Amino acid sequence: IKKREIIRSTSASEKLFQKFLRSLNIEEIRNRFFENHLFAFSDINEKETLIKYIEKNCSTDVENYIEYADEIIKGKIRVFERTTNFQKEINWCYSFFDNNDWDLIKSERINKHPKRKKVDIKYVWELNRHNFLSYLGFAYFYTGEKKYATKFKNIINDWILKNPPLYGVNWLSGLEISIRSISWIINLFFFSSSKEINNNKFFRKIFKSMFLHAYFLRYFYSKKSFNHSIGDIFGVYLFSKAFNNIDIFKKWENKFFKLFNNQIHRQTRFDGTHIEQSVNYHRFVLEFFTLFFILNHKIISSKISVLIEKMFTYLLMIMKPNGTFPLIGDNDDATLLLLNNYNRNLFNNLLNLGVILFKRGDLKYISKTISPSSILLLGSKGYATFTKISPREPNKIMQYFQNAGYFVKRQNWSNKANYLFIDFGNFGPNNASHCHSDITNIIFCYNGKNIINDSGTYSYNKSWEERNLFRGSKSHNILTINNKNQANIKDWFAWNSKPRVKRLSSKFDDNLELTCIHNGFKGFLVKRTLIVNKMLTKIVIKDNVIPLENMEKNKNFNINIYFHFDKNTKITKKNNSIIINDDLKIDISSKYDFNLSLQKSQYSPSYGIIKECNSLNIQLKGNFYNKDQIEFITKIYQVK
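Position 4 of the sequence shown, counting from 1, maps to 4 under the numbering used here, and the rest follow consecutively.
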């Protein structure tokens, strides 16, 4: 409580700031900061060379980045699916859905889910992460035009004025505090030659605010919440490394280096998957790990290096033929990397860095050309490394990620390939809150096109009903009993009564057989077996519902199997079959009577976006009296 009140008090925080500065003056700190070449673009001697490489390889990106920087100058800022026009000044506490503002009260008193209001705090936080500042930074770095530096300065000054420490929504979450601080630190380097930015008056203001960000995180970083722990710890680490000429910050650097190392070990499984059972959060934490690797590649341990490289391999293997990624688990499009507001489901900026850092020709095969962020972060040496690496087709078309319970298989590495992702994973550890009720979920592409999709996430906070719909069983390609979830929803980001999972696999002839058994519905075992051929032109799905005790004669159950189709698929129902795009057929059979219906449903390809699609509902209503199990067989196969 005392530390919070010191940060919150203007006079007390100034005394604290002066105490940490000791005999150092702000000019010395400023000069040392801009001489601390954390990344390639922060070295002024590299600037002309980097601009030349960017012009040669990334001209379209440059046009887009500068165009967006000019929009920002006009007050137009993109937040998820919308662009908000702040015509006069930016309202940093603006609620995007009911035109109200979050109150500027003590941060810890704020309720993220106020009653009778349809708000999503993620939109406010996304704006206040300040990821968009990298476009102003790049535009200044590339053109040298003063207007970009002026806008950057005005935004920072305005934010500090309107967001006093530990008041309001923007000081509520450690992760948001950290990402904003990281954004300020990294983007400051773009303006090393700007008199608007590189002067004592402005630098003292931003440095003090960054110090208060870091000081808060130093004592209140998350110790339990996985990706939040990573983000909070990295925020302190980057600040202390950027200012490690100050003795106390050097001590912080050493401490938080060790803490971050420990988090990599703790949160990365041996197979290279992240512990939270979410593709989006795997990407998000890997961005932190990658920046950490760039800063410490000379001293980082081989064990850490191997784990980080395995995380890149996982992304390589699960990438769909069209270059996007399956929406397994929660997806809020979170990102940390420079210039990464475009096509967030492509992950190309991140994969590009993996090419250079681990000298991987297979990653170059899928990421193709070098990105501006790779040139900026890794410089001429990184560019030379990328140029020397020959792209090579990945040598695997199938991989089982045993620790996570994920299996992926593709026909080949062309963009017209057939592709299958199978989720036999569990719900993850207690504090890993981003999994969905999706055990046995499948995602299928045929001839490079999305056919069977995951429904995504849509929103964390707009409404309790929408949050639970998209993470619930009905929104996934699985079997449900009485339309229940496989675990009980505890709150907005937690599950109770998580099921046990058993996985089996075997191979015969050219077919692969994979089985998952779970107890996610009280009184039953659910068993799903997939038999797939080599070319993924035939997939057989056997779903078995097995009662664990004798059932009463008059006790009925609703069994549903759902499949959610991409919005661009053409779906036709004929008896107990479904025709897809005139080249795929789905046949469903069971010895028990069932109903087959096509329904309109919804899916969310990105955070905040909701679209209509078709779904298939296979329904059986009956009892288990004198039945040892009920079986459905679903065959998906190519129409000759």
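Each residue gets a CB set at the ideal place from its N, CA and C atoms; glycine is no exception.
Keep in mind it's a predicted model, so treat the numbers as computed, not measured.
Quiz item: Hey, would you say the C-beta of F508 is under 7 Å away from at least one heavy atom of the ligand COA?
Solution: This structure does not include the ligand COA; it has no bound ligands of any sort.
Quiz prompt | Inter-residue Cα distance where the pair is V306 and N254 | solution = 22 Å
Quiz item: Less than 8 Å separating the beta-carbons of Y592 and L620?
Solution: yes
Quiz item: Between which two residues does the alpha helix (DSSP H) containing A12 stretch?
Solution: 10-21
Quiz item: Residue range of the beta strand (DSSP E) that S505 falls in?
Solution: 501-508
Practice problem: Would you identify the three-state DSSP class for R129, choosing helix, strand or coil? | Solution: coil
Practice problem: Could you please give the first and the last residue of the uninterrupted alpha helix (DSSP H) stretch that includes S192? | Solution: Where S192 is concerned, there is no enclosing alpha helix (DSSP H), given that its DSSP letter is neither H nor E.
Quiz item: Does DSSP classify P372 as helix, strand or coil?
Solution: helix
Quiz item: Taking contact to mean at least 3 C-beta pairs separated by less than 8 Å, is the segment 579-594 in contact with the segment 491-511?
Solution: no
Quiz prompt | Delimiting residues of the beta strand (DSSP E) encompassing F234 | solution = Taken as a continuous stretch (DSSP letters only), F234 belongs to no beta strand (DSSP E), being part of the alpha helix (DSSP H) at 227-242.
Quiz item: In angstroms, rounded to a whole number, what distance separates the CA positions of K542 and L104?
Solution: 55 Å
Quiz item: CA-CA distance, R8 and L598?
Solution: 56 Å
Quiz item: What runs of the alpha helix (DSSP H), each 4 residues or longer, lie entirely inside the segment 158-224?
Solution: 174-188, 200-220
Self-check item: Beta-carbon proximity of L378 to S134, cut-off 8 Å
Solution: no
Quiz item: Would you call the segment 224-237 and the segment 261-272 touching, i.e. three or more CB-CB distances under 8 Å?
Solution: yes
Self-check item: Spatial neighbours of S367 in its chain, beta-carbon cut-off 7 Å, leaving aside the 5 residues before and after
Solution: N348, L351, N352, V355
Quiz item: When we look at the beta-carbon of R109 and count the other beta-carbons within 10 Å, is it buried (16 or more) or exposed?
Solution: exposed
Practice problem: Could you spell out the range, first to last residue, of the beta strand (DSSP E) harbouring W495? | Solution: 494-496
Practice problem: Tell me whether E55 is buried or exposed, calling it buried when 16 or more other Cβ atoms sit within 10 Å of its Cβ. | Solution: exposed
Practice problem: Tell me where the alpha helix (DSSP H) around R471 begins and ends. | Solution: 464-471
Practice problem: Mark M319 as exposed unless 16 or more other C-beta atoms lie within 10 angstroms of its C-beta, in which case mark it buried. | Solution: buried
Self-check item: Candidates N426, L525, D101, I182, of which the one nearest P547 by Cα
Solution: L525
Quiz item: By Cβ distance, which residues of its chain are closer than 7 Å to M210, with the 5 residues on each side in sequence left out?
Solution: S181, W184, I185, F239
Exercise. Assuming S606 contacts D330 (C-beta within less than 8 Å), just tell me the rounded distance between them.
Key: Their Cβ separation, rounded to whole angstroms, is 13 Å, which puts S606 and D330 out of contact at 8 Å.
Exercise. Pick out whichever of A494, D454, F624 has its Cα sitting closest to the Cα of G523.
Key: F624
Quiz item: Around the C-beta of F97, are 16 or more other C-beta atoms found within 10 angstroms, so that it is buried, or is it exposed?
Solution: exposed
Practice problem: Pair every Cβ in the segment 446-459 with every Cβ in the segment 70-77, then say whether three or more of these pairs are closer than 8 Å. | Solution: no
Quiz item: For I121 versus K115, is the C-beta spacing smaller than 8 Å?
Solution: no
Quiz item: Apart from the five residues just before and just after Q629, which ones in its own chain have a Cβ nearer than 7 Å to its Cβ?
Solution: N544, V545, I546
Exercise. Give me the Cβ distance between L327 and R283, rounded to the nearest whole Å; I'm assuming they're in contact under 8 Å.
Key: Actually they do not touch by this definition, with Cβ atoms about 12 Å apart.
Exercise. Give a yes or no on whether the C-beta atoms belonging to F17 and K208 are separated by under 8 Å.
Key: yes
Exercise. Assuming N418 contacts Y460 (C-beta within less than 8 Å), just tell me the rounded distance between them.
Key: The Cβ separation is near 33 Å, so there is no contact.
Self-check item: Neighbour-count burial assignment, Y562, 16 or more Cβ in a 10 Å radius
Solution: buried
Self-check item: Which of helix, strand or coil DSSP assigns to N85
Solution: strand
Quiz item: Which whole-angstrom value describes the C-beta separation of I633 and H518, a residue pair presumed to lie in contact below a C-beta threshold of 8 Å?
Solution: That pair is no contact at about 19 Å.
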